[in-house]
Amino acid sequence: MLKAVLFDMDGVIVNTEPLHRKAYHLMFKDVNISVPEPLYASFTGQSTKAICETLVEHFNLPLSPQTLIGLKRDHFKHLFENDDALTLLPGVLELIEEYYNNGLTLVLASSASMENINNIFERFNLNQYFVAKLSGADLKASKPHPEIFEKAAYVSGHKLHECIVIEDSTNGVKAAKDAGIFCVGYDSLHSHDQDYSLADIVVNDFKSISYPKILQHFTALIT
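In terms of the UniProt record's numbering, the sequence shown is residues 1 to 223.
What follows is the structure, encoded as structure tokens:
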């Protein structure tokens, strides 16, 4: 029986990717590196810490990952505070409310920093629906490692086979499946160069996973 839904945030609840992209590229300019698009696309779903560690190694930078993290987060903070266009993705609030009202336990499992998670949740008044919020930045391993979803299932109070994950990235989908959890791949207009082949189902509209429909998909797969 389905009991819990584990949500990714960026690209699923809110489209902060344009802000992150601007912040990253401002940081790239700060440290004088040129990051090819395929390399940048491979970062989707990973924590800032993991990305900056990769950049330091890949470009042999004479800087610490923490220095890059600080630069990127300063740029993102400025953009977040000054970009009025940031909104929830279409239909996601209705989906969250529907799941919540039907008794599902909701947990946020995002690679974003807890500061960014809290800023988003306060801005859009989402705390009332979720029992817990997990940041990959606080864990030992980043997506595609399954740790964040294993912990999210644990804090939900339910077993792995009683949960689903909603993810929009290659790394996130792999993390969910490696954790042994049913995964919805959300292929939105904002998703680029992501692989959803491991997902149990792929949708591009949250109406496709309304409460009755996700129960049908979930039940069909586990029976």
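Beta carbons are placed, not taken as given, at the ideal position from N, Cα and C, and that holds for glycine.
Being a predicted model, the structure only gives us computed values, none of them experimental.
Identity of the residue in 192, 91, 182 nearest residue 37 by Cα: From the listed residues 192, 91, 182, the smallest Cα separation to residue 37 is found for 192.
Nearest-angstrom Cα separation, counted from residue 16 out to residue 103: Cα to Cα, residue 103 sits roughly 28 angstroms from residue 16.
Grouping DSSP H, G and I as helix and E and B as strand, with all else coil, what is residue 43? It is coil, neither helix nor strand.
Pop quiz: residue 131 and residue 156 are said to be a contact at Cβ under 8 angstroms. What is the actual Cβ separation, rounded to whole angstroms? Distance from residue 131 to residue 156 at the Cβ level is roughly 7 angstroms; contact confirmed, criterion being Cβ atoms closer than 8 angstroms.
Paired residues, beta bridge with residue 132 - DSSP: Looking at the DSSP assignment, residue 132 forms a beta bridge with 107.
In this structure, how does DSSP classify residue 185 when only helix, strand and coil are distinguished? In this structure, residue 185 counts as strand in the three-state DSSP scheme.
Going straight from the alpha carbon of residue 171 to that of residue 143, what length do you get? Taking the straight line from one Cα to the other gives about 6 angstroms.
Cβ pair count under 8 angstroms reaching 3, the region 2 to 11 against the region 161 to 168: Taking 8 angstroms as the limit for Cβ pairs, the verdict is that the region 161 to 168 does touch the region 2 to 11.
Less than 8 angstroms between the beta carbons of residue 35 and residue 61, yes or no? No, the pair does not count as a contact, with Cβ atoms beyond the cut-off.
Just to check my reading of the structure: residue 215 and residue 182 have Cβ atoms closer than 8 angstroms, yes? What is that Cβ distance to the nearest angstrom? Cβ-Cβ separation between residue 215 and residue 182: approximately 12 angstroms, too far for a contact (criterion under 8 angstroms).
Suppose the cutoff is 6 angstroms on Cβ atoms and the five residues either side in sequence are ignored; what does the same chain contact list for residue 71 look like? Excluding residues within five positions, the ones whose Cβ falls inside 6 angstroms are 27, 30.
With a 10 Å radius around its C-beta and 16 neighbouring C-beta atoms as the bar for buried, classify residue 39 as buried or exposed. A residue is called buried once 16 or more other Cβ atoms fall within 10 Å of its Cβ, and residue 39, having fewer, is exposed.
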